[in-house]
Amino acid sequence: MTIFKAEPSTEERVSQLLLHLGISKAHFGARNAPDWTGLAETFPEFISSLALVCPLGFDPAVVSSVASGLLVFLGDSGGDAETVGQTISGIRDLKSITLSGYPSPNTYADVAAERPEDIASGLIEFLDQMGRLHQTPTVELDEGCGEVAGISYQIRGTGPPLVLFPLSAAPSQWEPVMARLTGSYCVIALGGAELGMVGSLEGRGRTPGYLGGLRSLLEEAELRPGESILEVGCGTGVLDRWMAQRTEGRNKIVGVDVNPYFLKEAAALVAKEGMGDLVEFKEGSGEALPFPDASFDLAISSTVIQRLNAEKLLAEMVRVTKPGGRVAVLGHAHDMHRWINLPLGEALKTKIESPPWVTDRGHPEGCDDSDLYRRFNRLGLSNIKMFPYVGSFDGGPRLQMLQTGILPSLNPEEAEEWRSAVTRAQAEGTFFIALPFHCAVGTKP
Numbered sequence: 213m214t215i216f217k218a219e220p221s222t223e224e225r226v227s228q229l230l231l232h233l234g235i236s237k238a239h240f241g242a243r244n245a246p247d248w249t250g251l252a253e254t255f256p257e258f259i260s261s262l263a264l265v266c267p268l269g270f271d272p273a274v275v276s277s278v279a280s281g282l283l284v285f286l287g288d289s290g291g292d293a294e295t296v297g298q299t300i301s302g303i304r305d306l307k308s309i310t311l312s313g314y315p316s317p318n319t320y321a322d323v324a325a326e327r328p329e330d331i332a333s334g335l336i337e338f339l340d341q342m343g344r345l346h347q348t349p350t351v352e353l354d355e356g357c358g359e360v361a362g363i364s365y366q367i368r369g370t371g372p373p374l375v376l377f378p379l380s381a382a383p384s385q386w387e388p389v390m391a392r393l394t395g396s397y398c399v400i401a402l403g404g405a406e407l408g409m410v411g412s413l414e415g416r417g418r419t420p421g422y423l424g425g426l427r428s429l430l431e432e433a434e435l436r437p438g439e440s441i442l443e444v445g446c447g448t449g450v451l452d453r454w455m456a457q458r459t460e461g462r463n464k465i466v467g468v469d470v471n472p473y474f475l476k477e478a479a480a481l482v483a484k485e486g487m488g489d490l491v492e493f494k495e496g497s498g499e500a501l502p503f504p505d506a507s508f509d510l511a512i513s514s515t516v517i518q519r520l521n522a523e524k525l526l527a528e529m530v531r532v533t534k535p536g537g538r539v540a541v542l543g544h545a546h547d548m549h550r551w552i553n554l555p556l557g558e559a560l561k562t563k564i565e566s567p568p569w570v571t572d573r574g575h576p577e578g579c580d581d582s583d584l585y586r587r588f589n590r591l592g593l594s595n596i597k598m599f600p601y602v603g604s605f606d607g608g609p610r611l612q613m614l615q616t617g618i619l620p621s622l623n624p625e626e627a628e629e630w631r632s633a634v635t636r637a638q639a640e641g642t643f644f645i646a647l648p649f650h651c652a653v654g655t656k657p
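For what it's worth, my numbering labels the leading residue of the sequence shown as 213, then goes sequentially.
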């Protein structure tokens with residue numbers, strides 16, 4: 213009988229890293245709830261304090277064990293700021309800092325670069341206060357990089373340990389405030405394929421339910437051996453590595469992304485998997501691709517068109533595609549219902565499943581609905597094929613991400629119903645979520 217060992221959870225990976233470094237207690241900085249939630253629930257003894265920089269939402273029940281050492285930065289306007297403000301209003305003892313004149317930033321905002329003085333000064337003042345209240349032993353660690361349990365780390369500075377989770381998809385991450393922090397603390401900046409938006413993209417890109425949509429696109433595009441592929445908005449390169457495996461290395465693959473943080477992680481991951489000779493990456497915007505006309509046989513993008521000016525993105529994809537080549541796009545379908553398989557009452561199911569079920573709709577000139585089909589028909593392409601696709605996702609990380617966005621929008625009675633349903637579904641192993649997408653493929657004359 214074959215016994216399959218479960219993958220360690222994020223909190224187990226982080227605890228392994230801390231123990232490897234000889235850290236029994238540390239200060240933490242984070243943004244994405246899935247990075248720190250499990251640690252706060254399972255290993256709160258590691259946490260001297262926790263600073264959340266413009267969080268996109270979190271379950272207030274999770275922070276009860278660390279509330280006396282909790283700092284929350286938040287914008288002064290916008291849906292997420294209001295939602296998070298309501299969330300923290302019922303938490304005693306926490307400290308909050310409102311960034312004046314700063315609307316609640318989305319996942320991709322470069323928060324530390326846009327408000328470096330506010331973040332650095334507020335965080336250092338908070339950490340000084342926490343240092344007087346909670347003894348955090350100083351550690352002496354050699355500066356440098358390493359990896360433990362799939363989590364990469366970089367150590368800089370000396371003093372009490374300050375562990376920094378990724379700042380979501382921020383291009384600069386913590387770098388704009390790093391010099392201030394390393395002057396007083398031993399900063400351990402975490403990264404890799406298990407954390408933050410990188411972890412989210414990597415996890416999604418390994419999910420059969422998501423890959424099914426990409427497989428359909430490639431089949432409709434009739435990709436042939438030897439043809440070149442460009443992925444626009446490649447992120448961590450997870451789909452490029454998947455395509456390299458699927459095509460058995462017979463197609464040149466180039467990924468382009470505007471985010472240097474993603475590209476750094478993408479280069480590390482492609483090297484780690486031994487695919488450096490099959491996939492290359494280049495920095496550039498999908499609205500002005502850094503390639504000559506007619507450079508590729510297939511230009512493909514996945515869940516990017518809502519983040520850019522859709523007209524410019526599509527025009528650029530057509531421009532860099534060779535005559536006879538194909539343009540293929542998979543986009544979010546925020547105009548369609550999603551399905552969350554939890555034992556919820558009809559009222560709550562309707563509330564969380566009905567469109568639009570996201571607060572961040574992306575770029576004001578982006579496209580996250582069936583308008584993709586109309587746009588494709590205006591590109592001058594031939595042999596156009598258009599279809600919706602529904603992909604199923606399951607597992608704890610997906611549930612954690614889902615809760616991050618949903619729980620802050622629920623009233624106390626709804627939140628209790630949600631938690632009860634989650635507990636039951638986890639015990640039964642029945643949770644999954646089905647998400648809709650719009651897909652289109654066409655041939656350049």
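We put the beta carbon where it would ideally sit given N, CA and C, even for glycine.
Hey, could you find the ends of the alpha helix (DSSP H) residue i is sitting in?
{"i": "M455", "result": "450-458"}
{"i": "F270", "result": "Note, F270: premise wrong, no alpha helix (DSSP H); not H, not E."}
{"i": "S227", "result": "222-233"}
{"i": "P388", "result": "387-394"}
{"i": "L419", "result": "Just to set this straight, residue 419 is Thr in the shown sequence, not Leu. Unbroken run through T419: none, as it is neither H nor E."}
{"i": "A325", "result": "323-326"}
{"i": "T562", "result": "558-565"}
My understanding is that residue i touches residue j, with C-beta atoms under 8 Å, so please give their C-beta distance in whole angstroms.
{"i": "Y601", "j": "S412", "result": "Incorrect: roughly 19 Å between the Cβ atoms, too far for contact."}
{"i": "F605", "j": "G421", "result": "5 Å"}
{"i": "F588", "j": "G654", "result": "6 Å"}
{"i": "V192", "j": "G498", "result": "Past the boundaries of the shown model lies residue 192; the chain is included only from 213 to 657, so the question cannot be answered."}
{"i": "H546", "j": "D581", "result": "6 Å"}
{"i": "F493", "j": "T533", "result": "Rounded, the Cβ-Cβ distance is 19 Å, inconsistent with contact."}
{"i": "L264", "j": "V284", "result": "5 Å"}
{"i": "L262", "j": "V226", "result": "Incorrect: roughly 13 Å between the Cβ atoms, too far for contact."}
{"i": "L374", "j": "L393", "result": "6 Å"}
{"i": "N553", "j": "I645", "result": "7 Å"}
{"i": "P372", "j": "H239", "result": "7 Å"}
{"i": "I517", "j": "C579", "result": "5 Å"}
Put residue i into one of helix, strand or coil per three-state DSSP.
{"i": "F216", "result": "Residue placement at F216 is poorly supported in this model, since its pLDDT is 38, which falls under 50; the coordinates are not used for a value here."}
{"i": "F285", "result": "strand"}
{"i": "G334", "result": "helix"}
{"i": "K237", "result": "coil"}
{"i": "G461", "result": "coil"}
{"i": "V532", "result": "coil"}
{"i": "E495", "result": "strand"}
{"i": "F258", "result": "helix"}
{"i": "V410", "result": "helix"}
{"i": "S513", "result": "strand"}
{"i": "A245", "result": "helix"}
{"i": "V466", "result": "strand"}
{"i": "I303", "result": "coil"}
{"i": "A637", "result": "helix"}
{"i": "S621", "result": "helix"}
{"i": "S428", "result": "helix"}
{"i": "S308", "result": "strand"}
{"i": "L264", "result": "strand"}
Go to residue i, then tell me how far its beta strand (DSSP E) extends in each direction, as first and last residue.
{"i": "N553", "result": "Counting along the chain, N553 falls outside any beta strand (DSSP E), and DSSP gives it neither H nor E."}
{"i": "N589", "result": "First-last for N589: 583-589, but that is the alpha helix (DSSP H), not the beta strand (DSSP E)."}
{"i": "F377", "result": "F377 -> no beta strand (DSSP E), and no H or E assigned at all."}
{"i": "F474", "result": "That residue, F474, is in no beta strand (DSSP E); its alpha helix (DSSP H) goes 472-484."}
With which residues is residue i paired in a DSSP beta bridge?
{"i": "Y314", "result": "Y314 is not bridged to any residue."}
{"i": "T655", "result": "R538, S594"}
{"i": "M365", "result": "Residue identity check: residue 365 is Tyr in the sequence provided, not Met. In DSSP, Y365 forms a bridge with G358, L402."}
{"i": "F503", "result": "Looking at the DSSP assignment, F503 forms no beta bridge with any residue, so it has no partner."}
{"i": "A646", "result": "W551, S604"}
{"i": "L353", "result": "According to DSSP, L353 bridges with nothing at all."}
{"i": "E443", "result": "G467, I512"}
{"i": "H544", "result": "F649"}
{"i": "G181", "result": "Residue 181 falls outside the range modelled here, since the chain spans only 213 to 657, and no answer is possible."}
When the Cα of residue i is compared with those of the options, which residue comes out closest?
{"i": "S280", "options": "E294, P568, S260", "result": "S260"}
{"i": "E294", "options": "E640, A545, P620, P383", "result": "P620"}
{"i": "L286", "options": "A324, G250, A522, V274", "result": "A324"}
{"i": "Y473", "options": "C446, L451, V532", "result": "C446"}
{"i": "P502", "options": "G486, M529, M487, L481", "result": "M529"}
{"i": "G424", "options": "G362, E629, G603", "result": "G603"}
{"i": "F270", "options": "V491, T616, W386", "result": "T616"}
{"i": "V410", "options": "R392, K476, V375", "result": "K476"}
{"i": "K563", "options": "D572, R573, W551", "result": "W551"}
{"i": "L345", "options": "V278, A382, T394", "result": "V278"}
{"i": "I596", "options": "A361, R610, G537, M548", "result": "G537"}
{"i": "M390", "options": "R631, L335, C266", "result": "L335"}
{"i": "S380", "options": "R304, G404, G362", "result": "G404"}
{"i": "P568", "options": "G297, R610, M548, A273", "result": "M548"}
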